[in-house]
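Contents: one structure, followed by commentary.
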Amino acid sequence: MKEKNKKITTFVCPMGTWGMGCSKECECNNATCDPFSGECICPSGWIVKECGELNKMECNTTAYSNTTLDMKTSNHTPQELLRGGLRKHKHSRIIKATTLTEEERLIFQYVEERNHRLLADKCAEGIINMNIADIDNNYQTPLHLAASQGCIITLLTVIACGVKINAVDSNGNTPLHIAIIYKQSHICSSLLFKAANPFIYNNNKKTAYQLAMDSTDHWIKYIFHNKHLHWYQRIRKLNSDEIKLMQNVREDNYQTVGDLCMKHVDVSVENVEDGQNTAFHLTAKYGKNIAPMVLTLIHCGGDINARNAFGNTPLHIAVMSGDSNKTSVLLLHRANPFIDNYEGLTAHDFAKESVEPSLRTLFEEPLLSWYHNSHSVL
Numbered sequence: 001m002k003e004k005n006k007k008i009t010t011f012v013c014p015m016g017t018w019g020m021g022c023s024k025e026c027e028c029n030n031a032t033c034d035p036f037s038g039e040c041i042c043p044s045g046w047i048v049k050e051c052g053e054l055n056k057m058e059c060n061t062t063a064y065s066n067t068t069l070d071m072k073t074s075n076h077t078p079q080e081l082l083r084g085g086l087r088k089h090k091h092s093r094i095i096k097a098t099t100l101t102e103e104e105r106l107i108f109q110y111v112e113e114r115n116h117r118l119l120a121d122k123c124a125e126g127i128i129n130m131n132i133a134d135i136d137n138n139y140q141t142p143l144h145l146a147a148s149q150g151c152i153i154t155l156l157t158v159i160a161c162g163v164k165i166n167a168v169d170s171n172g173n174t175p176l177h178i179a180i181i182y183k184q185s186h187i188c189s190s191l192l193f194k195a196a197n198p199f200i201y202n203n204n205k206k207t208a209y210q211l212a213m214d215s216t217d218h219w220i221k222y223i224f225h226n227k228h229l230h231w232y233q234r235i236r237k238l239n240s241d242e243i244k245l246m247q248n249v250r251e252d253n254y255q256t257v258g259d260l261c262m263k264h265v266d267v268s269v270e271n272v273e274d275g276q277n278t279a280f281h282l283t284a285k286y287g288k289n290i291a292p293m294v295l296t297l298i299h300c301g302g303d304i305n306a307r308n309a310f311g312n313t314p315l316h317i318a319v320m321s322g323d324s325n326k327t328s329v330l331l332l333h334r335a336n337p338f339i340d341n342y343e344g345l346t347a348h349d350f351a352k353e354s355v356e357p358s359l360r361t362l363f364e365e366p367l368l369s370w371y372h373n374s375h376s377v378l
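Mind the numbering: the sequence shown is residues 1 to 378 in full-length UniProt numbering, read in order.
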């Protein structure tokens with residue numbers, strides 16, 4: 001009997017329940033909730049707390065729906081699009097599109113042909129906006145098409161080109177919804193690794209998670225099993241070990257952080273209650289002697305170029321603080337100064353405007369190239 005009960009607790013909870021053994025009911029006015037925390041996951045247009053009233057705003061970031069975006073076909077570069085107000089559209093589920101240009105149709109053609117090499121060439125030119133929606137095909141983005149095609153290399157190339165991973169089509173489906181509909185289990189896994197949100201509702205009030213639970217594909221159900229889904233999700237509330245990790249990062253206790261790392265505590269977790277900051281963001285913000293901590297976090301598998309809820313990398317934070325020592329340490333370990341945040345600004349942009357001469361010189365040639373090409377510290 002004990003063994004039987006043990007198995008029950010590992011099953012995916014039915015909609016409307018959460019917690020160990022699925023013993024607790026969601027209090028969300030018939031909306032679903034996070035299977036681990038019980039937090040309401042509101043449909044588009046409802047407020048977060050208990051999903052109780054209609055509101056013009058989407059659920060906020062704690063309700064896991066902060067990633068849908070307007071899609072606009074234009075001749076602007078991705079950087080120009082970002083500078084034009086990405087944050088303004090961050091919570092919108094409405095996709096705006098016009099008829100595709102010939103150049104934009106080529107992108108969809110390359111995706112359909114699974115020609116990831118030509119896609120990469122287009123992206124390398126730096127003038128292609130991948131956030132385009134095909135008005136003749138349910139307003140789907142190149143990533144929606146890649147998700148249905150099943151070619152992982154093509155999918156990863158499209159993601160690397162800068163497309164928004166949780167964009168919705170005219171049916172409200174994200175690429176993750178599409179991958180489940182087409183029974184592309186490997187695509188589902190790849191999208192989850194890239195922070196696809198399984199709790200966004202489509203127009204039928206179905207999340208990707210719910211579609212997965214209804215799927216006849218064994219591997220899709222396996223991937224969306226609660227314990228696996230929790231493993232995929234880096235953006236989450238911290239558990240007790242992860243809280244301890246972050247506290248020790250703040251206090252520069254790199255040896256304790258190393259001990260926690262050896263116990264397999266995830267140093268790349270993004271704290272949903274702290275602007276999706278990672279351990280690297282905290283050491284850039286609070287650290288006093290960050291070199292040992294940076295070495296520790298790298299050895300533990302941390303991402304020195306991780307972006308938080310504002311798109312800022314640890315290097316953005318170090319530069320904005322005006323601390324040339326922190327900035328130098330991050331640059332020595334391959335922090336990328338040319339990653340845009342969600343305002344379209346790079347750490348390099350902030351450095352050029354800094355009032356600290358010692359900080360500005362770090363981003364001048366030939367020193368910046370030396371940092372970029374240095375291999376000795378890795």
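The C-beta atom is built at its ideal place from N, Cα and C for all residues, glycine as well.
- Residue 361 sits in a helix when the DSSP states are folded into three classes.
- Its chain contains 153, 154 and 157 as the residues whose beta carbon lies nearer than 6 Å to that of residue 116, once the 5 sequence neighbours on both sides are disregarded; these appear in chain order.
- With three or more CB-CB distances shorter than 8 Å, the region 306-323 counts as touching the region 335-352.
- At a Cβ-Cβ threshold of 8 Å, residue 175 and residue 192 do not count as neighbours.
- Excluding the 5 residues flanking it on each side, residue 350 has same chain C-beta neighbours closer than 8 Å at 316, 319 and 320, in chain order.
- Along the region 144-211, the alpha helix (DSSP H) occurs as fully enclosed runs of 4 or more residues at 152-160, 175-181 and 185-193, listed in sequence order.
- Cβ-Cβ distances below 7 Å link residue 298 to 304 and 333 in the same chain, with the five nearest sequence neighbours on each side left out; the list follows chain order.
- Inclusion of residue 308 and residue 275 in the CB contact set at 8 Å is warranted, their separation being smaller than that value.
- If you compare the alpha carbons of 123, 171 and 151 with that of residue 133, the shortest gap goes to 171.
- Distance between residue 258 and residue 104, taken at the CA atoms: about 47 Å.
- Note that the region 233-253 touches the region 262-275; at least 3 beta-carbon pairs, one per stretch, sit closer than 8 Å.
- As summarised for the region 271-318, there are no continuous beta strand (DSSP E) elements at least 3 residues long confined to that stretch.
- The Cβ-Cβ distance between residue 150 and residue 200 does not fall below 8 Å.
- Shown here, residue 25 sits in a strand according to DSSP, grouped into three states.
- By the neighbour-count criterion, in which 16 or more other beta carbons inside 10 Å mark a residue as buried, residue 126 falls on the exposed side.
- Under the three-state reduction of DSSP, residue 247 is assigned to helix.
- Under the three-state reduction of DSSP, residue 241 is assigned to helix.
- The DSSP-derived three-state label of residue 217 is coil.
- Bridge partners of residue 235 according to DSSP: 270.
- Nearest to residue 194 by C-alpha distance, out of 168, 331, 217 and 162, is 162.
- Here residue 252 carries a coil assignment [DSSP, helix/strand/coil].
- For residue 101, the secondary structure class from DSSP, reduced to helix, strand or coil, is coil.
- Residue 340 carries a coil assignment under DSSP once its states are collapsed to helix, strand and coil.
- For residue 349, the secondary structure class from DSSP, reduced to helix, strand or coil, is helix.
- Residue 166 and residue 144 have their C-alpha atoms roughly 10 Å apart.
- Nearest to residue 233 by C-alpha distance, out of 285, 220 and 196, is 196.
- Counted as a single uninterrupted DSSP element, the alpha helix (DSSP H) harbouring residue 122 occupies residues 116-125.
- Residue pairing from DSSP leaves residue 370 without any beta-bridge partner.
- Exposure of residue 372 is indicated by the presence of fewer than 16 other C-beta atoms within 10 angstroms of its C-beta.
- With contacts defined as CB atoms closer than 8 Å, residue 119 and residue 110 qualify as a contacting pair.
- Following the DSSP letters along the chain, one finds residue 354 in no alpha helix (DSSP H), marked with neither H nor E.
- The alpha-carbon separation between residue 292 and residue 241 amounts to approximately 21 Å.
- Exposed is the label assigned to residue 358, since fewer than 16 other Cβ atoms lie within 10 Å of its Cβ.
- The straight-line gap separating the alpha-carbon atoms of residue 121 and residue 352 is approximately 30 Å.
- Residue range 324-332 is occupied by the alpha helix (DSSP H) that includes residue 327.
- Of the residues 249, 296 and 289, the one whose Cα lies closest to the Cα of residue 277 is 249.
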